[in-house]
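So for the sequence shown, the UniProt record's numbering puts the first residue at 1; every next one is plus one. Quick reminder that beta carbons are idealized off the backbone N, C-alpha and C, glycines included. None of the values given here were measured: they were computed from a predicted structure.
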Amino acid sequence: MTIQRMDNVLIVVEDLDAAIAFFVELGMELRGRAELEDRGAERVIGIDGVRQEIAMLRTPDGHGGVELAMFHTPRAVRGEPMDAPANTLGIRRVMFAVDDIDEVVARVGAHGAELVGEVAQVGDSHRLCYLRGPEGILVGLAQQLG
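Here it is, written out as structure tokens:
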């Protein structure tokens with residue numbers, strides 16, 4: 001048996017409302033939001049006494065997802081600087097395909113997102129950029145050309 005699909009990526013945040021607003025502005029759909037205090041979830045993540053609030057978001061095509069989690073107990077811990085560069089070990093960013101990269105950059109700027117470098121054309125095929133959103137979340141945008 002092989003992997004069927006990638007379901008979602010988890011991002012732990014301190015301000016769930018700001019993170020939801022950022023991803024919704026990117027074009028994701030909020031599918032649900034809930035408080036969780038579940039022994040089963042504790043066994044999966046290996047942390048006791050968990051109380052968290054989660055939000056599930058999906059891409060417009062319904063295939064990709066982001067799960068946002070805000071831990072009430074125990075409080076989240078910071079593992080690296082919020083402005084860690086793209087060459088830091090570990091998961092660095094989530095990349096989204098967009099129709100109009102300039103329009104998306106302008107929209108999410110209203111939610112505090114800032115370009116890491118610049119919007120750049122890569123060969124003849126794509127325009128790409130990295131944005132740093134709320135709490136240092138690194139997001140890549142890719143616009144296919146032609």
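Taking a 10 Å sphere around the C-beta of residue 66, we find 16 or more other C-beta atoms and assign the residue as buried. Taking each of 91, 35, 98 and 76 in turn and checking the Cα distance to residue 59, the smallest one comes out for 98. Residue burial annotation: residue 137 is buried, with at least 16 other C-beta atoms found within 10 angstroms of its C-beta.
Ranked by Cα distance from residue 14, the options 146, 140, 133 and 142 are led by 133. Between the C-alpha atoms of residue 75 and residue 26 there is a straight-line separation of about 27 Å.
Note on the UniProt domain "VOC" (5–144): whole alpha helix (DSSP H) runs with a minimum of 4 residues are 16–26, 39–45 and 101–109, in chain order. Contact annotation: residue 128 and residue 146 have beta-carbon atoms that are not nearer than 9 Å. For the pair residue 32 and residue 55, the CB atoms are nearer than the 9 Å cut-off. In this structure residue 72 is not in contact with residue 42, their Cβ atoms being roughly 13 Å apart against a cut-off of 8 Å. The beta carbon of residue 102 lies closer than 8 Å to those of 119 in the same chain, with the five residues before and after it left out. If you draw a straight line from the Cα of residue 30 to the Cα of residue 123, it comes to about 34 Å. Excluding its 5 nearest sequence neighbours in each direction, residue 93 has C-beta neighbours in its own chain below 8 Å: 86, 130, 138, 139 and 140, listed in chain order. Just measuring C-alpha positions, the residue of 126, 37 and 83 sitting nearest residue 95 is 126.
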